[in-house]
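Chain order of the listed sequences is A and B. Under the working numbering, think of the first position of the first sequence as -8, with each following residue one higher. Under the working numbering, think of the first position of the second sequence as 72, with each following residue one higher. The beta-carbon is built from N, C-alpha and C at its ideal position, and this holds for glycine as well. Worksheet: the structure to be examined is printed underneath.
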Amino acid sequence: MTPFGELWDRSLRNLLADAGRAALEDAGIDRVDSLLVGNMTAGMFVGQEHVGAMAADAMGLLGVPAARIESACASGAAALRLGFFEVASGAADLVMVCGVEKMNDVTDATDALAAASDREYEAYYGATFPSLYAMMARAHMEKYGTTVEQLNLVSIKAHRLGAKNPLAQFRREVTMKDVENSPMVAEPLRVMHCSPVTDGAAAVILCPLEKAKDFNARPVKIAGIGAATASLALHDRTDLCSLEAVRLAGQRAYEMAGRKPEDIDVAEVHDCFAIAEIMNIEALGFVPEGKGGPAVEAGETDLGGRIPVNMSGGLKSKGHPVGATGVAQVVEIYHQLRGESGERQVDGAKVGLAQNMGGTGASSVVHILEAI
Amino acid sequence: MPSARYSREIPARYRIEGSRCKKCGRGALPARKTCPACGSTEMEPAKFSDVGTVLTWTRLHVGASFMTLDTPYGMAVIETEDGCRLTAPLAGADAADLATGMKVRLVLRRITEEGSEGIICYGTKAVPA
């Protein structure tokens, strides 16, 4: 995984090469049977499509079959899921999955990101992503009594943990006052409730479980995968403050892994906005519907809490290079399950969950990983 | 924007014309072959009411790039009295009056224009009823 941030000296090509070569070196290999790249919209951010071929070229893997996989901000996990199925099908033994996004080379990333909403019936009218999540936040607050202070606490926790993550974009803690005084973006969401614009890449190597020890002394197992969709436009959802795609994806992943929410020791969830972390921990069954806010307030999702969430600093503090995020979440869980996350380590973590989400929750992919 | 891409959406954007599910009554905008609520394929053409209620809303202080001159502006998810859902900007209301449950009327308004020789883009906005 590359550092996340405003990487003015790194191009899309450099990021692919940095993350890809590091993954190959770590596994001690110089080729893979297949390369999948999670990327939302290099076409809009830097005018470059055909990112699969670019990745193969940049990583020195020419000849390898390669393709770019897109599911908006869930592109990284969507690519990982397909990589898993390539290995499971027997078609490939070694698959590299790389997530990448270069977002700082455009002046208005918000307009490019609006492509993940309904272009003709949301973005056309001037609805931006912060405004769509703001409307979900308001619906959640009015239905369940969730408070702005609870949203603030999500961001404060993210920054406290991100400050301990050497690869995070914002390695500094913030106070309640910092969040309260940050500029309003879309009521009730302020700048400090929103994930940033980030450059970065992350890569992992997949192989059959029985061969894993040839490449890694302490490999991590993908025990469950679930993916699902919900309506593209927020307004078409019967319940405006419940993430049905996340609930379904979680259910499918738990079923495949033979696990329950209470088995999860550590989780990375898609906190593109503070309200999303609250809605996601509900949809994944960590807390009952509507109880996400009080759970954050009680410290249940903090390091040392009942279900530690986003020990990486989350999208808020670690950064959110959209296509890279799903892979980076799994990299964090990998290190947590190997006990090598330093000051952010969840003691004795054996089962981890990573949840990636596209748009306003129109798609989601959940992975459950286990230490072996 | 190519004129065909624009004109295709005129029935839904100018006149709130879509389709309605014969089974559960839920409206769909633009018209669909399947119901977004119950999945039924029995859909009939429908012209929806211009009277609706705000289900949730926000006020953007950082807006879309083409809305700079209008910022801050309101945005809402609205349900018409005959069961059609849509997202629309809130116009002509004081910030203090914006509220969930607020009654609105849907009106045709200019949304943006594509430079001095491009299309003038119209669509539905919500004003206090």
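For residue i, write down the residues that DSSP places opposite it in a beta bridge.
| i | result |
| --- | --- |
| A/Q346 | A/V357 |
| B/A99 | B/S90 |
| A/M175 | A/R181 |
| B/K118 | B/E88 |
| A/E92 | A/G191 |
| A/L7 | Note: A/L7 sits in no beta bridge, so no partner. |
| A/S25 | A/V86 |
| A/F264 | A/C185 |
| A/V211 | A/A362 |
| B/R180 | B/G194 |
| B/Y144 | B/L131 |
| A/I60 | A/G29 |
| B/L161 | B/G145, B/A197 |
| A/I196 | A/M87 |
How about residue i: is its C-beta nearer than 8 Å to some C-beta of chain A?
| i | result |
| --- | --- |
| B/A159 | yes |
| B/L177 | no |
| B/V198 | no |
| B/V133 | yes |
| B/M173 | no |
| B/P107 | yes |
| B/M201 | This structure cannot speak to residue 201 of chain B, because chain B is shown only from 72 to 200. |
| B/T129 | yes |
| B/R156 | yes |
Under 8 Å by Cβ, that's how I've got residue i and residue j pegged, so tell me the actual separation to the nearest angstrom.
| i | j | result |
| --- | --- | --- |
| A/A43 | A/A57 | Checking the displayed sequence, the identity of residue 43 of chain A turns out to be Gly instead of Ala. Contact flag correct, Cβ pair sits at about 4 Å. |
| A/H311 | A/S186 | 4 Å |
| A/I196 | A/M94 | Between A/M94 and A/I196 the Cβ distance is about 25 Å, and since that is not below 8 Å, they are no contact. |
| A/A159 | A/F(-5) | 6 Å |
| A/A13 | A/N207 | So it is not a contact: roughly 14 Å between Cβ atoms. |
| A/G11 | A/V318 | About 11 Å; that fails the 8 Å criterion. |
| B/L169 | B/L161 | 6 Å |
Residues of chain A with CB closer than 7 Å to the CB of residue i, please, in chain order.
| i | result |
| --- | --- |
| B/Y144 | G117 |
| B/V148 | M126, L225, H226, L231 |
Between residue i and chain B, is the shortest Cβ-Cβ distance under 8 Å, so that the two count as touching?
| i | result |
| --- | --- |
| A/E178 | yes |
| A/T364 | This structure does not reach residue 364 of chain A, given that chain A is present from -8 up to 363, and the question cannot be answered. |
| A/M175 | yes |
| A/R129 | yes |
| A/S222 | yes |
| A/S308 | no |
| A/D99 | yes |
| A/E280 | no |
| A/E201 | no |
Give the residues of chain A in contact with residue i, contact being defined as C-beta atoms less than 8 Å apart.
| i | result |
| --- | --- |
| B/G194 | Y115, Y116 |
| B/I182 | Y115, Y116, G117 |
Residues of chain B with a CB under 8 Å from the CB of residue i: which are they?
| i | result |
| --- | --- |
| A/D102 | A135, S136 |
Give the residues of chain A in contact with residue i, contact being defined as C-beta atoms less than 9 Å apart.
| i | result |
| --- | --- |
| B/E80 | E111, Y112, Y115 |
Can you pull the chain B neighbours of residue i, defined as C-beta to C-beta under 7 Å?
| i | result |
| --- | --- |
| A/D96 | Those do not exist, as A/D96 stays about 16 Å from chain B at its closest Cβ, beyond 7 Å. |
| A/S122 | T129, L131, M146 |
Strictly below 9 Å CB to CB, what residues from chain B border residue i?
| i | result |
| --- | --- |
| A/E385 | Here chain A comprises residues numbered -8 to 363, so residue 385 of chain A is not present and cannot be evaluated. |
| query | Would you call the region 252 to 263 of chain A and the region 301 to 316 of chain A in contact, with 3 or more CB pairs under 8 Å? | reply | Yes, they touch.
Q | Three or more C-beta pairs below 8 Å linking the region 164 to 171 of chain A and the region 61 to 74 of chain A | A | no
Next on the checklist: For the region 265 to 284 of chain A against the region 317 to 329 of chain A, do three or more pairs of beta-carbon atoms, one drawn from each stretch, fall closer than 8 Å, so that the two count as touching?
Outcome noted: no
Under 8 Å, with one C-beta from each stretch per pair, do the region 150 to 160 of chain B and the region 98 to 107 of chain B reach the 3-pair mark?
yes
Pairing CB atoms from the region 79 to 86 of chain B with CB atoms from the region 336 to 352 of chain A, are three or more of them under 8 Å?
-> no
- Query: Looking at C-beta atoms only, is the number of pairs between the region 163 to 175 of chain B and the region 232 to 240 of chain A that lie closer than 8 Å three or more?
  - Reply: no
(Q) So, does the region 176 to 185 of chain A touch the region 136 to 148 of chain A, judging by three or more C-beta pairs under 8 Å? (A) The region 176 to 185 of chain A is in contact with the region 136 to 148 of chain A.
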